[in-house]
Amino acid sequence: MRRVPLSVWLIPALGACIISSALGVIASTHHVREGYARLQMLELERWRKQEHYTRLLLEINTWAAPHRLSQIAAAELSMQAPHLSLSQVVTE
17 MRRVPLSVWL IPALGACIIS SALGVIASTH HVREGYARLQ MLELERWRKQ
67 EHYTRLLLEI NTWAAPHRLS QIAAAELSMQ APHLSLSQVV TE
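Residue numbers for the sequence shown follow our numbering, beginning at 17 and rising by one.
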């Protein structure tokens with residue numbers, strides 16, 4: 017019986033292992049890059065939403081400012097502060 021040298025089977029097997037390992041590295045690198053691109057997209061979206069939220073807070077605080085409410089009450093509703101002489105203290 018004729019013996020087949022070990023190198024006849026070993027070299028193609030090692031070549032197949034190297035190729036499959038290289039393909040695994042390529043696939044892994046691709047997935048990492050996809051994940052990083054998604055992370056950048058989500059960070060940009062988070063930044064935009066944070067900016068929008070900050071603007072909304074600024075708008076809310078502007079609309080609710082006490083001096084603005086006083087101006088609107090006086091101008092549009094003809095409201096004014098009562099005179100102290102018209103006030104009475106109620107005691108029980």
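C-beta: ideal position from N, C-alpha, C; glycine also.
Within its chain, find whatever has a CB closer than 7 Å to the CB of residue i; leave out the 5 residues flanking it on each side and keep chain order.
i     : result
Thr70 : none
Taking just the CA atoms, how far does residue j sit from residue i?
i     : j      : result
Ile39 : Arg49  : Note on residue identity: the sequence assigns Leu, not Ile, to residue 39. So the alpha carbons of these two residues sit roughly 15 Å apart.
Glu61 : Ser101 : 58 Å
Glu67 : Thr78  : 17 Å
Val41 : Pro28  : 20 Å
Arg18 : Ile34  : 29 Å
His7  : Trp25  : In the structure as shown, the chain begins at 17 and stops at 108. Residue 7 is therefore absent and cannot be evaluated.
Arg64 : His83  : 31 Å
Ala90 : Glu108 : 34 Å
Leu85 : Ala53  : 47 Å
Pro98 : Ile88  : 17 Å
Leu22 : Ser37  : 22 Å
Ala43 : Val20  : 35 Å
Leu58 : Gly51  : 10 Å
Ala80 : Gln96  : 18 Å
Leu72 : Gln104 : 42 Å
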